[in-house]
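In the working numbering, the protein residues as written are 41 to 424.
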């Protein structure tokens, strides 16, 4: 996938609303690229009582340092507390583009331009992001075609190691793409089939270690690391995944409950659930919980986009249909009824059915969620 367009960016942070010491550390880091100044900035910006501008400075520095994943939660938090700040939203849009979520970037920039027509940074970035999206759509289409070919070649136990490895590589790329329909366990299964054909193949083991970590499959992850250590003890991938925390499957229902409660842990749970989605955008349980959270914290456009992605997935269960019914009803969307009916048909028992009916009624017909509205703790589908 060559010829990838670039998304130009200039830091929107200009020192407003910051501690003077933070401004100094930021400017010195930008001017010298000395990591010591970034460490000093982290210490100043992440203390209790830090100003919003301090966090913006740190997020901007992370982007300059090539660490967009670290900038995302800071900018999402700032966009929540200051939703009308175009500088924050332009930086957030660029961050989304850097981590491969260009559709999100486009929506952020369109929102900036709706509120601030002609904002120069947003106009420039939106043109770049739209070009990137066109390229990305073509690239994903090619990956899907390749996946179909290699799936056919390896069906029913057919195919050699090269074909199984090629399928694993393609699925690995698709697993990080929202709405591709490929989740990390799918990648692990494909690579395990390749591993059975050659249990000492270094690239298979490196990919299997990475995919099983993303999937939260700790047993497969540790087994892949142990095998990789025997085969290629000097592998850079081995060193990287050894240093990673243990592979732990996400518990989105627990995060949903925390995010819906009025406690000090609520924002952290929202942040963690968003992080899980970025890591596994095709995990239906993560999608199901996140759409409810985004609706609950007053992000109806994001909730609707996520809901449409989940709704396009085949084989949804009671909990997924229930979540879609709830969120579409919160948004005043007529699609709530079809998911309501599907959820009732799939209810595992009378208790779950009665609970869902009560919660669905509690939302209220056509009560659309607006910016800043917060859904009550009970207005979510309980964990399954």
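We put the CB at the ideal spot given by N, CA and C, even for glycine.
When C-alpha distances from residue 255 are compared across 360, 322 and 49, the shortest belongs to 322.
Per the C-alpha coordinates, the member of 382, 47, 252 and 55 positioned closest to residue 231 is 252.
Under the three-state reduction of DSSP output, residue 378 falls in the helix class.
For residue 301, the secondary structure class from DSSP, reduced to helix, strand or coil, is coil. Taking C-beta separations shorter than 6 Å and ignoring five residues to either side along the sequence, the partners of residue 112 in its chain run 135, following chain order. For residue 100, the enclosing alpha helix (DSSP H) stretches over residues 92 to 104.
Following the DSSP letters along the chain, one finds residue 340 inside the alpha helix (DSSP H) bounded by residues 340 to 351.
With three or more CB-CB distances shorter than 8 Å, the stretch 381 to 388 counts as touching the stretch 361 to 372.
Residue 192 counts as exposed, since fewer than 16 other C-beta atoms from the protein chains shown sit within 10 angstroms of its C-beta.
Here residue 141 carries a coil assignment [DSSP, helix/strand/coil]. Rounded to the nearest whole angstrom, the C-alpha separation of residue 67 and residue 260 is 45 Å. Straight through space, the alpha carbons of residue 329 and residue 293 are spaced by roughly 6 Å. Assignment of residue 222 by DSSP, reduced to helix, strand and coil, places it in the coil class. In the assembly as shown, residue 373 is a buried residue. Its beta-carbon has 16 or more other beta-carbons within 10 Å. Distance check between residue 160 and each of 308, 397, 313 and 49 places 49 closest, using alpha-carbon atoms only. The closest CA to that of residue 244, considering only 209, 390, 274 and 291, is found on 209. Here residue 251 carries a helix assignment [DSSP, helix/strand/coil]. Taking a 10 Å sphere around the C-beta of residue 125, we find 16 or more other C-beta atoms and assign the residue as buried.
Taking 8 Å as the upper bound for CB-CB distance, residue 98 and residue 114 are in contact here, some 6 Å apart. In the structure shown, residue 49 adopts coil according to DSSP, grouped into three states. For the alpha helix (DSSP H) assignment, the uninterrupted runs of no fewer than 4 residues enclosed by the stretch 130 to 205 are, from N- to C-terminal side, 142 to 155 and 160 to 193. Residue range 306 to 319 is occupied by the alpha helix (DSSP H) that includes residue 310.
Between residue 164 and residue 148, the C-beta gap is not smaller than 8 Å, which leaves the two residues out of contact. Residue 334 counts as buried, since no fewer than 16 other beta carbons sit within 10 angstroms of its beta carbon. Here residue 258 carries a helix assignment [DSSP, helix/strand/coil]. Take residue 43, set aside five residues on each side of it, and the residues of its chain with a beta-carbon closer than 8 Å to its own are 175, in chain order.
DSSP places residue 403 in the helix class (H, G or I) of the three-state scheme. The residue from 94, 310, 65 and 73 with its alpha-carbon nearest to that of residue 80 is 65.
Check the Cα spacing between residue 352 and each of 101, 324, 336 and 120: the tightest is with 324.
At a Cβ-Cβ threshold of 8 Å, residue 246 and residue 275 count as neighbours.
Of the residues assessed, residue 391 falls on the exposed side of the cut-off, its CB having fewer than 16 other CB atoms within 10 angstroms.
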